[in-house]
DNA sequence: GCTAATTTGCACCGGTTATGCAAATTTCCT
DNA sequence: AGGAAATTTGCATAACCGGTGCAAATTAGC
């Protein structure tokens, strides 16, 4: 994502542009990796944790971000791809990569999930694939 | 797994067979689905939660069980397949299926994960694939 | 500008994951 | 079998994450 008009981004997902939401979105855009609630709280000064929490929930409900469980225990959030529409169920069917060295979690949208053959009588609705390892930055010393 | 000699199972993974560990293992064997710490605590009477917690951690360290993050917030544990050796890194490269109706999480070992093509310079060490949906039992009304 | 709706900030709760430490148990050795 | 050393257990206690209720502040609609 580049050259952001933050208000425009919020409006596209039908989110009222309050001061808090603009600050949180600005923080999300600046960061490449997925962020946790604690990350945002530390990154922005003079903010209430609960308000940030609800802001991220609002972003998620309006499909501006998607939540990621990367195994660290804390839910992380990353901006959705442009294709995510505010009214359709969004699918983040890409890999979420957690680097055990720098502890950052990143979306790998280029890696598409292969179709799965589930056993008889199982119905899949959602899926998530998390990979643990060493990311490209940490591999380049 | 069938006709268990519990002591033998523990010994194979180099775990001292204390009374507590035998009880927890017995409970794990009896259950088909993955169990949470709270499940074990409720299933066994007169047990200390912390002790069960540490017992499961010990089982995990010795590769008797593997832990699963199914999105419910609580870590669940399931017995490892026989191939898991106590000294090698264990791979639970099967699907973990969480049924949103009966709320049970099961391992689907028959469904092998296809090899992934990660982007340049990413090194994968572990991965987990969780699928949410309706399981076979709940689909059969 | 004024009213209604939404959003924010504070207090507070609950569940899960953890740690420290003394008592109990198990292991090991003779 | 007995007794010391190592491990394991149980209790107290705490950190952390996610969440709700409610009144004050802010925003939106007219």
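Residue numbers (the numbering used here), protein chains in the order written: chain A, 1 to 141; chain B, 142 to 282.
Ideal placement from N, C-alpha and C gives every residue a C-beta, glycine not left out.
Values in this document were obtained by computation on a predicted structure and should not be read as measured data.
Neighbouring residues, chain B, relative to residue 127 of chain A (Cβ below 8 angstroms): Here residue 127 of chain A is taken as the residue at index 127 of the first chain, counted from 1. Within chain B, the residues near residue 127 of chain A are 270, 271, 272, 273.
Proximal residues of chain B, C-beta to C-beta of residue 121 of chain A below 7 angstroms: As a first step, residue 121 of chain A is located in the first chain; it is residue number 121 there, counting from the start. Neighbours of residue 121 of chain A on chain B, chain order: 277, 280, 281.
CB contact flag (residue 238 of chain B, residue 272 of chain B, <8 angstroms): Translated into positions along the second chain, residue 238 of chain B becomes position 97. Translated into positions along the second chain, residue 272 of chain B becomes position 131. Yes; because the gap between Cβ atoms is below 8 angstroms, this pair is in contact.
Secondary structure of residue 196 of chain B, DSSP reduced to three states: Within the second chain, numbered from 1, the residue matching residue 196 of chain B stands at position 55. The answer is helix: DSSP assigns residue 196 of chain B an H, G or I state.
Sequence-distant residues of the same chain with beta carbon closer than 6 angstroms to residue 234 of chain B, five excluded per side: Along the second chain, one-based indexing puts residue 234 of chain B at 93. These residues qualify, in order along the chain: 254.
Cβ-based neighbour list, residue 143 of chain B, same chain, cut-off 6 angstroms, excluding 5 preceding and 5 following: Sequence index remark: in the second chain, residue 143 of chain B carries index 2 (1-based). Caution applies to residue 143 of chain B, whose pLDDT of 42 falls short of 50 and renders its modelled position unreliable; the value that the coordinates give is listed next. Excluding sequence neighbours, residue 143 of chain B sits near nothing in its chain.
Per-residue DSSP class, three states only, for residue 2 of chain A: For the purposes of this step, residue 2 of chain A is taken as the residue at position 2 of the first chain. Residue placement at residue 2 of chain A is flagged as unreliable, the pLDDT there being 43, under the threshold of 50; a coordinate-derived value is accordingly withheld.
Residues that DSSP places opposite residue 207 of chain B in a beta bridge: The residue labelled residue 207 of chain B in the question sits at position 66 within the second chain. DSSP, once it has assigned bridges, lists B:219 as partnering residue 207 of chain B.
Cβ neighbour criterion (16 or more within 10 Å) applied to residue 202 of chain B: Stepping through the second chain from its first residue, residue 202 of chain B is reached at position 61. Result: exposed.
is_contact[residue 110 of chain A, chain B] using C-beta, thresh 8 angstroms: On the first chain, residue 110 of chain A is found 110 positions in, with the first residue counted as 1. Output row for residue 110 of chain A: interface = yes.
Cβ contact (3+ pairs, closer than 8 angstroms) linking the region 245–252 of chain B and the region 109–127 of chain A: yes
Proximity of residue 209 of chain B and residue 264 of chain B at Cβ, strictly below 8 angstroms: In the second chain, residue 209 of chain B corresponds to position 68, counting from 1. In the second chain, residue 264 of chain B corresponds to position 123, counting from 1. Not in contact: residue 209 of chain B and residue 264 of chain B (Cβ atoms no closer than 8 angstroms).
Below-8 angstroms beta-carbon distance, residue 2 of chain A vs any chain B residue: Counting from one through the first chain, the residue named residue 2 of chain A turns up at place 2. For residue 2 of chain A, the predicted model reports a pLDDT of 43, less than 50, meaning its position is unreliable and no value from the coordinates is stated.
Element boundaries [alpha helix (DSSP H), containing residue 124 of chain A]: Position 124 of the first chain, counting from 1, holds the residue named residue 124 of chain A. Per DSSP, residue 124 of chain A belongs to no alpha helix (DSSP H); it is in the beta strand (DSSP E), 123–134.
Neighbouring residues, chain A, relative to residue 236 of chain B (Cβ below 8 angstroms): If you number the second chain from 1, residue 236 of chain B lands on position 95. Those are 116, 118, listed as they occur along chain A.
Rounded Cβ spacing between residue 17 of chain A and residue 7 of chain A (contact assumed at less than 8 angstroms): The residue you call residue 17 of chain A lines up with position 17 of the first chain. The residue you call residue 7 of chain A lines up with position 7 of the first chain. Correct: roughly 5 angstroms between the Cβ atoms.
DSSP state of residue 108 of chain A mapped onto helix, strand, coil: Along the first chain, one-based indexing puts residue 108 of chain A at 108. In this structure, residue 108 of chain A counts as strand in the three-state DSSP scheme.
Same chain only: Cβ atoms within 8 angstroms of residue 135 of chain A, ignoring 5 sequence neighbours per side: Looking up residue 135 of chain A in the first chain gives position 135. Hits under 8 angstroms: 97, 99, 101, 102, 104, 106.
Residue 268 of chain B versus residue 146 of chain B - alpha carbon distance: Against the second chain, residue 268 of chain B aligns to sequence position 127. Against the second chain, residue 146 of chain B aligns to sequence position 5. Whole-angstrom Cα-Cα distance: 31 angstroms.
Listed by chain order, chain B residues near residue 78 of chain A by CB distance under 8 angstroms: For the purposes of this step, residue 78 of chain A is taken as residue 78 along the first chain, with counting starting at 1. Near residue 78 of chain A there are no residues of chain B at all, since even the closest Cβ is about 16 angstroms away, more than 8 angstroms.
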